[in-house]
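Trainee:
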């Protein structure tokens, strides 16, 4: 499938299935991929602009943050060690730092600087290898895993850092959701080339089943993602009343997923064995 980088460069990329059925990879991966992140719009949610759009984003984000935090609270004890890998501007690390011994890792300098101004108890790290092996209770990646090219290497690293029965929590867009099928090449969650990998629900299950030392425990939805992704997709299509169409198709996607379990984005809760 050919996909345009609607967000920034307008360049065309291919998405091809890998050796793992249901897992796809963007090709070619630019050698200077960092320049595809160089946009104020890409990091605009790091800033507090005071606009209506920003206030709405923060309002909806609060629901998402509590939902994500509950995933941890339901499965590990308070005071447990949690690393948010790819923590961005630090919203989630900040949100959980009073309940867990929290760590954040973020390679982007601007996002890391924004995170540092927010946190009070959590610790930002420069390298995951500064954390001792077998010490973490959970590692979270909220829409980060799809950006990682060396996934096999990182899965091995995560496995070393987690305690026995520790949790790896990965949230990624779902290529077999209703909104993905509806928007096709305009589906904003392809986000090439920043999203290097793309996963169907079965694809992620296949990936984890092939890796020794992991067991899939639970799959949960991120309900609000269908609306945000649909809004961006409608904007890429240059649709009038894009916000209204996003509300309609985001809702259709979620209703459809109540029966198919194919939500726009899925959270995979994976246990170290």
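Numbering (the working numbering), first residue to last: 1 to 273.
Ideal Cβ positions, reconstructed from N, Cα and C, are used throughout, including at glycine.
#1: So residue 260 is in the alpha helix (DSSP H); what residue range does that whole segment cover?
#2: Are the beta-carbon atoms of residue 137 and residue 80 separated by less than 9 Å?
#3: Please report how far the alpha carbon of residue 7 lies from the alpha carbon of residue 40, in whole angstroms.
#4: How would you call residue 172, buried or exposed, if buried means at least 16 neighbouring beta carbons within 10 angstroms?
#5: Quick check on residue 201: buried or exposed, where buried means 16 or more other Cβ atoms within 10 Å of its Cβ?
#6: DSSP on residue 137, reduced to helix/strand/coil?
#7: Could you say which of 102, 225, 253, 24 lies nearest to residue 121 if we only look at CA atoms?
#8: Less than 9 Å between the C-beta atoms of residue 211 and residue 140, yes or no?
#9: Taking all protein chains shown into account, decide if residue 1 is buried (16 or more other Cβ within 10 angstroms of its Cβ) or exposed.
#10: If we count Cβ pairs, one from each stretch, closer than 8 Å, do we get three or more for the stretch 143-156 versus the stretch 188-199?
#11: Within this structure, are the beta carbons of residue 85 and residue 100 separated by less than 9 Å?
#12: If you draw a straight line from the C-alpha of residue 224 to the C-alpha of residue 20, how long is it?
#13: Select from 265, 231, 151 the residue whose C-alpha is nearest the C-alpha of residue 174.
#14: Could you give the distance in angstroms between the alpha-carbon of residue 112 and the alpha-carbon of residue 89?
Mentor: Concretely, from the data shown:
#1: 242-260
#2: yes
#3: 12 Å
#4: buried
#5: buried
#6: strand
#7: 102
#8: no
#9: exposed
#10: yes
#11: no
#12: 28 Å
#13: 265
#14: 6 Å
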